[in-house]
Amino acid sequence: MKTLKLFLFIAGIFFLTSCEDVIQVKLDEGDPMVTIDAFINDMRSQQKVRLTYTDPYFSQKPNQPITGATVNLKDLSTGLDYSFTDNNNGDYVWTPTDTFRIGHEYELTVTHQGIIYRSSSRMNRTTRVDTLVSEFEEGGGLGNSKEGYKFAFLGFDPPGDTIDYYWIKSYRNGVFFNKGTQINICANAAFGEGADGFPFITPIAESITPFGEVFQKYDICRVEIHSINLETYNFLTQVYTQTTNSGLFATSPENVKTNLKNITNDKVKVVGWFCMSAVGFKEGVAQ
1 MKTLKLFLFI AGIFFLTSCE DVIQVKLDEG DPMVTIDAFI NDMRSQQKVR
51 LTYTDPYFSQ KPNQPITGAT VNLKDLSTGL DYSFTDNNNG DYVWTPTDTF
101 RIGHEYELTV THQGIIYRSS SRMNRTTRVD TLVSEFEEGG GLGNSKEGYK
151 FAFLGFDPPG DTIDYYWIKS YRNGVFFNKG TQINICANAA FGEGADGFPF
201 ITPIAESITP FGEVFQKYDI CRVEIHSINL ETYNFLTQVY TQTTNSGLFA
251 TSPENVKTNL KNITNDKVKV VGWFCMSAVG FKEGVAQ
């Protein structure tokens, strides 16, 4: 009887393991598309537009940079032009000698291999960060959180007749929390027009310390409130949805929208986004 049980046990293991097949998923790669990453703001720091080619879905390599293009930004309200310099690594940069203006409309034009890509964006108003506060937490507990400091901010959405949209960015010692799950966006001071003129709600204010992250003593926290428009708000919402799309009820992936157009040949596709932002910011030290 013992021998029979052992035989059945070994046979069962063999049956289960022999049923496992490795399935290789082969996707049509298609031709690489031009990607334009152009989030420009009014801070007195070097502004950058990044140009790359798209890569296959399962590729682990960095996207191939595009060099030799021409990148120009025009203030449609004043007629001023800003030419970006090719860094020969996919980055096209411009060091501010003037200030971008709130309420002005700007047009981005990228020319590459005789093809012109174009988009426009209005720079909306932002608001300031009034206060940064930090609190030390010992960690552990039910959430098994880390020991360290957590930051939150206090700020108010300015009242007005239109909805203000914001992308709130936070940094630890100069390093941007840039994961898709860490995108912190809001409409007015919450998630809709009902919070016009109110202080930012707690989930938004506390999200400058992303879930699972902490600051150590003397770490520097920087918070920036970037003004965005409704289209950019919807774009970032889609990015967040796609980067957190997993689990039992996940939906099929879809291409993220773009506000850039190929005005030379509409058969050649382009992806990416262009946005002009005014920025309010503040820094604080964990202590």
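Throughout the sequence shown, residue numbering follows my numbering, covering 1 to 287 in sequence.
Each residue gets a CB set at the ideal place from its N, CA and C atoms; glycine is no exception.
Requested in this report: Can you say whether residue 124 is buried or exposed, counting buried as having 16 or more other CB atoms within 10 angstroms of its CB?
Outcome: By the Cβ neighbour-count rule, residue 124 is buried, with 16 or more other Cβ atoms within 10 Å of its own.
Query - Of the listed residues 286, 128, 133 and 121, nearest to residue 232 (C-alpha basis) - result: Taking each of 286, 128, 133 and 121 in turn and checking the Cα distance to residue 232, the smallest one comes out for 121.
Query - Continuous beta strand (DSSP E) stretch holding residue 202: start and end - result: Not the beta strand (DSSP E): residue 202 falls in the alpha helix (DSSP H), residues 202-206.
Query raised in the report: Cβ atoms of residue 72 and residue 277: under 7 Å apart, would you say?
Result: No, the pair does not count as a contact, with Cβ atoms beyond the cut-off.
Report task. Go ahead and pull the three-state DSSP assignment for residue 242. Result -> In this structure, residue 242 counts as helix in the three-state DSSP scheme.
Query - Close beta carbons around residue 268, own chain, < 7 Å, minus the five adjacent residues each side - result: Excluding residues within five positions, the ones whose Cβ falls inside 7 Å are 115 and 262.
Query raised in the report: Is residue 113 helix, strand or coil when you go by DSSP?
Result: Residue 113: coil per DSSP, three-state reduction.
Query raised in the report: If you draw a straight line from the C-alpha of residue 148 to the C-alpha of residue 217, how long is it?
Result: Their backbone Cα atoms lie some 7 Å apart in a straight line.
**Report entry** residue 225 vs residue 187 beta-carbon contact at 7 Å
**Finding:** Cβ distance not < 7 Å, so residue 225 and residue 187 don't count as in contact.
Query raised in the report: Can you give the Cα-Cα distance for residue 77 and residue 105, rounded to whole angstroms?
Result: A straight-line Cα-Cα distance of about 6 Å links residue 77 and residue 105.
Query - Distance CB(residue 65)-CB(residue 89) smaller than 7 Å - result: Going by beta carbons, residue 65 and residue 89 fall inside the 7 Å limit.
Query raised in the report: What are the boundary residues of the beta strand (DSSP E) that includes residue 214?
Result: DSSP places residue 214 outside any beta strand (DSSP E), giving it a letter other than H or E.
Query raised in the report: DSSP on residue 352, reduced to helix/strand/coil?
Result: Because the chain in this structure spans residues 1 to 287, residue 352 falls outside the shown range and cannot be described.
Query raised in the report: How is the beta strand (DSSP E) around residue 51 delimited, first residue to last?
Result: Start and end: 47-53.
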